[in-house]
Amino acid sequence: MLMQDTRPLTPAGERVVAAAEELFYDRGITAVGVDLIAEHSGVTKRTLYNQFGSKDRLVAAYLAARDRRWQSLVRATVDACDDPVEAVTAPFEALRVWSGTNARGCAFINALAELPDSSHPAYVIAADQKRWLVDLFEELATAAGCSAPGALATQLLVLHEGVLATQPLPLDTLPGSVELARSLVRAAVTRP
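Heads up: the sequence shown begins at 30 in our numbering, then just goes up one per residue.
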């Protein structure tokens with residue numbers, strides 16, 4: 030996993046990340062330059078570079094901030110489940126909430142499509158986010174007593190990512206995907 034700069038952001042740095050998030054998510058990473066981000070955040074390019082060093086590191090900071098919010102929402106949704114079997118599909122329930130304010134699909138999938146170089150710091154964060162989710166599915170499936178939790182985790186990840194990929198389309202794939210995920214989990218639960 031990529032080591033992140035642990036220095037706290039200045040207020041100007043926080044404004045830069047907020048502006049970058051809005052612009053990168055709405056318009057695309059490669060379509061947005063640092064001039065526009067500086068303008069939208071009310072800072073100079075020099076301040077932007079002093080805080081982040083490069084656009085690549087700013088893209089990584091944007092994705093890392095999104096990832097922290099997403100993981101926090103997913104963990105809270107998992108923790109709210111009383112039944113370990115229901116907890117396995119909690120990331121789908123978190124997606125219901127998340128999708129209300131993120132209509133352009135998955136920022137991580139979008140970043141992976143725009144930044145195919147696996148050594149790019151943002152690529153690493155996006156790929157790690159997907160690994161985190163499949164690992165979480167496997168952890169939850171194991172705790173629920175599901176057979177073949179690794180295989181189930183992969184199936185759930187593919188289903189989850191399919192929802193994200195189709196989100197910008199008027200297909201409303203989330204409800205059917207949630208039911209399919211629940212069916213997969215129920216079929217995998219091994220009861221004594």
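For every residue, glycine included, the Cβ atom is placed at its ideal position computed from N, Cα and C.
Pairing W127 with L102 gives a Cβ-Cβ distance under 8 Å. The three-state secondary structure of V61, taken from DSSP, is coil.
Linking C135 to A60 through their CA atoms gives a straight-line distance of about 17 Å.
Sixteen is the threshold: when 16 or more other Cβ atoms of the shown chains lie within 10 Å of the Cβ of P150, as they do, the residue is buried. By the beta-carbon neighbour count (other beta carbons within 10 angstroms, threshold 16), S148 is exposed.
Shown here for A109: same chain residues with a beta carbon closer than 8 Å to its own, the five before and five after excluded, namely A119 in chain order. Judged by pairs of C-beta atoms under 8 Å, the region 164-172 touches the region 181-188, as three or more such pairs exist. Here I66 really is in contact with A48; their C-beta atoms are around 5 Å apart, less than 8 Å.
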